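Enquirer:
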Amino acid sequence: MLLVRFGFGCYPCAIHILKPFDRGDSMLDVKFIRENLELVRENIRNRGVGNADPDQVVALNTQRVELIQQTEAIRKERNENAQKMKGQMPPEERSELIERGKELKEQLASYEEKLGQAEEELNHALKNIPNMTHPDVPIGGEDDAKELELVGTPRSFEFQPKDHLTIGKELDLIDFESAADVTGSSFYYLKNEAALLELALVNYAMNVITSRGYIPHLTPDLARPAILEAIGFNPRGEESQVYNVEGHDLCLIGTAEITLGGMLSGKILRKEDLPMRVGGFSHCFRTEAGAHGRESRGLYRVHQFSKVEMFAFTTPEQSEEVHAEMLSIEKEIYSGLEIPFRVVDIATGDLGAPAYRKFDIEAWMPSRETYGEVTSTSNCTEFQSRRLNIRYRDDENQPRFVHTLNGTAVAVPRAIIAILENHQNADGSVRIPEALRPYMGGREIIEARKGA
RNA sequence: GGAGAGAUGCCGGAGUGGUUGAACGGGACGGUCUCGAAAACCGUUGUGCUCUUAUGGGUACCGAGGGUUCGAAUCCCUCUCUCUCCGCCA
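Residues 565 to 1016 (this note's numbering) make up the first sequence, in order.
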């Protein structure tokens, strides 16, 4: 992903005026781009998306509209011509009409081909245009994320804290060596209490989100490339973040966001059912292409992990509120794990194309002496629903695109890192946070096995 | 994996290649009737693109994509999905 650093500047006031979801007819589509060209250009600059060209989109669209008009004029004449031939008529009159029909058919074919090409070019250009951005999002790159809140205090250790790799090895919890033989690097086995810890974290997170109104789901771990694309993933090509299954039109999912969002693809929802909150447990698979060397040791960046995810479909008016709600659930979960963390508002240059705004929770990681990302929640407004074609009927009974949001309840390996490192004791044992104990048979501590 | 059947509007369900955006039934909505309700009766009941906007017009859409034809929901091919039977499997 392209990360470009920007200096802070004044917010362009125009962006404050821009509320795409306040206008019934507006959306981040060609029409919106045409009518808000300067804002779209500015948004692209702020996000540092190099290959997005809104001017080209507008030009290609103009070309497309012309071709539509010409094509439809021919179709109209073709239909009229065919209508004339319904009843009886002298053979020579009929053959004249047939001749005319043949001419029209040829013309139409040529225009349809041109139109098809124009639409393909337009869609290609359109694909590179990112979502608009919430006016409060800080402008800048990875380091310009704005800290919104600090919860808890990093513990001061009276001994030298170990990293999770050391703890995992000493307590016989994580086995990277065997996984390297079986699957290669960046895979792992969880053993003993770590295996139970995963199940406990999943159950804990599922219970929290269920109590907050999220309907629990266990989702498929594979999905069609078209769904991945609609969610905003790039399923094919060198830089793809996901695995493809050879011989099948399927990818291993990078997150349950894909399967939860895709679940209602093509549907028109009832307004009274919104916001619709769904939660899901799935495995997540990531190639981590191009990520070698970046925090690649241990559980921080792995090819497969388990995750409990939240997803919501809302009206445009509800999405910001639900976004705040997701963040509050994430905070509840990490507070329950008794881990110090901070909340950051991700800057423009670090947002993925679908996100209108994104909040991350970063947990304190003693071995790195810094905070590391453990959850992420994004408001994608209409970006995904437009591609997935998920709508609802508004008060005028008109179909409108829903807003979609997603948030991590628990990404298991990173939670395990935080637990092992923050709750380690001088004697090498690890305290299990109270919130997880009911899911671990009441167990309170992880200790070295006797004779090990 | 093998054999067969199917996919039409909110739902059910018709549909000889030429006024079929789509019969008929149900539901929903509006109205008449009623003190009120039910029943009955009358009416309304899609989406995208596009032009023009007061209204309105054009075009496309009968699982998806191709093809045949002057003309396709209707004929042909491919794909997807659903159902039944057999096989296999946790």
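Glycine residues also receive a C-beta, built at the ideal position from the N, C-alpha and C atoms.
Note that the structure is predicted; figures quoted are calculated from it, not measured.
Anyone know if the C-beta pair for Ser949 and Thr968 falls short of 7 Å?
Expert: Yes, Cβ-Cβ distance for Ser949 and Thr968 is below 7 Å.
Enquirer: Return the first residue and the last residue of the alpha helix (DSSP H) that Ala790 is part of.
Expert: Annotation: the continuous alpha helix (DSSP H) that includes Ala790 extends over Pro789 to Ile795.
Enquirer: What does DSSP give as the partner residues of Leu603 in its beta bridges?
Expert: None; Leu603 has no bridge partner.
Enquirer: When we look at the beta-carbon of Gly825 and count the other beta-carbons within 10 Å, is it buried (16 or more) or exposed?
Expert: buried
Enquirer: Using DSSP with H/G/I as helix, E/B as strand and the rest coil, what is Ala673?
Expert: helix
Enquirer: Which residues mark the beginning and the end of the alpha helix (DSSP H) in which Arg628 is found?
Expert: From DSSP, the alpha helix (DSSP H) with Arg628 extends over Pro618 to Gln647.
Enquirer: Which residues in the same chain have their Cβ closer than 8 Å to the Cβ of Gly631, if we skip the five residues on either side of it in sequence?
Expert: According to the sequence as given, residue 631 is Leu; it is not Gly. Only Tyr675, Lys678, Leu679 and Ala682 meet the Cβ criterion.
Enquirer: Residue range of the beta strand (DSSP E) that Pro780 falls in?
Expert: First-last of the beta strand (DSSP E) with Pro780: Ile779 to Leu782.
Enquirer: Does the segment 661-674 touch the segment 637-648, meaning 3 or more C-beta pairs lie closer than 8 Å?
Expert: The answer is yes - the segment 661-674 touches the segment 637-648, with three or more Cβ pairs under 8 Å.
Enquirer: Keeping to the same chain, check which residues put their C-beta closer than 6 Å to that of Asn756; ignore five residues upstream and five downstream.
Expert: Asp736 and Leu737
Enquirer: Quick one: what does DSSP say Glu803 is sitting in, helix, strand or coil?
Expert: Reduced to three states, the DSSP call for Glu803 is coil.
Enquirer: On a Cα-Cα basis, can you pick out the residue from Ala794, Gly777, Glu810 and Gln988 that is closest to Arg719?
Expert: Gln988
Enquirer: If I measure Cβ to Cβ from Arg587 and keep anything under 6 Å in the same chain, skipping five residues before and after, which residues do I get?
Expert: Because Arg587 sits at a pLDDT of 27, beneath the cut-off of 50, its placement in the model cannot be relied upon, and the point is left open.
Enquirer: Across the segment 834-844 and the segment 795-813, are there enough close Cβ pairs to call them in contact, namely three or more that are closer than 8 Å?
Expert: no
Enquirer: Please report the straight-line C-alpha distance between Arg776 and Ser899, rounded to a whole angstrom.
Expert: The alpha-carbon separation between Arg776 and Ser899 amounts to approximately 16 Å.
Enquirer: Pull up the CB-CB distance for Val701 and Thr912, whole angstroms please, since I reckon it's below 8 Å.
Expert: That pair is a contact at about 6 Å.
Enquirer: Just list the residues that DSSP pairs Arg964 with in beta bridges.
Expert: Tyr956
Enquirer: Which residues mark the beginning and the end of the alpha helix (DSSP H) in which Asp745 is found?
Expert: Annotation: the continuous alpha helix (DSSP H) that includes Asp745 extends over Phe740 to Val746.
Enquirer: Is Leu714 buried or exposed, if buried means 16 or more other CB atoms sit within 10 Å of its CB?
Expert: exposed
Enquirer: Inspect the beta-carbon positions of Glu926 and His728 and report whether they are closer than 7 Å.
Expert: no
Enquirer: Could you check which residue in Leu603, Tyr956 and Tyr778 has the C-alpha nearest to that of Asn695?
Expert: Out of Leu603, Tyr956 and Tyr778, Leu603 has the C-alpha closest to the C-alpha of Asn695.
Enquirer: For the segment 895-933, which segments carrying the beta strand (DSSP E) assignment without a break, of at least 3 residues, lie completely within its bounds, in sequence order?
Expert: 905-909 and 921-929
Enquirer: Once DSSP output is grouped into helix, strand and coil, what is the label at Leu714?
Expert: strand
Enquirer: Is it true that the segment 903-917 meets the segment 778-792, where meeting means three or more beta-carbon pairs spaced less than 8 Å apart?
Expert: no
Enquirer: Using DSSP bridges, identify the partner residues of Val938.
Expert: DSSP output for Val938 lists no bridge partner at all.
Enquirer: Under 8 Å: do the segment 740-760 and the segment 808-823 share three or more Cβ pairs, one atom per stretch?
Expert: no
Enquirer: Express the C-alpha separation of Ile608 and Gly614 in angstroms, rounding to a whole number.
Expert: When the Cα atoms are used, Gly614 and Ile608 turn out to be separated by approximately 8 Å.
Enquirer: At which residue ranges does the segment 837-896 contain complete beta strand (DSSP E) runs of 3 or more residues, listed in the order of the chain?
Expert: Runs of the beta strand (DSSP E) lying entirely within the segment 837-896, each at least 3 residues long, are 840-849 and 868-878 in chain order.
Enquirer: Any idea if Ala888 is buried or exposed, counting beta-carbon neighbours within 10 angstroms, 16 or more meaning buried?
Expert: exposed
Enquirer: Roughly how many angstroms lie between the CA atoms of Gly1006 and Asn600, to the nearest whole one?
Expert: CA-to-CA, the gap between Gly1006 and Asn600 works out to about 58 Å.
Enquirer: Please say whether Ile903 and Ala709 have beta carbons closer to each other than 7 Å?
Expert: no
Enquirer: Compute the beta-carbon to beta-carbon distance between Thr945 and Ser870, rounded to the nearest angstrom, for a pair I have assumed lies under 8 Å.
Expert: Going by Cβ atoms, the distance from Thr945 to Ser870 rounds to 28 Å, so no, they are not a contact pair.
Enquirer: Looking at the secondary structure, which residues open and close the alpha helix (DSSP H) in which Leu814 lies?
Expert: Per DSSP, Leu814 belongs to no alpha helix (DSSP H); it is in the beta strand (DSSP E), Leu814 to Leu816.
Enquirer: My assumption, with CB atoms under 8 Å, is that Ile822 sits in contact with Ala973. Please give the rounded CB distance.
Expert: Their Cβ separation, rounded to whole angstroms, is 16 Å, which puts Ile822 and Ala973 out of contact at 8 Å.
Enquirer: Can you name the residues that DSSP bridges to Tyr1003?
Expert: Paired residues: none, contrary to the question.
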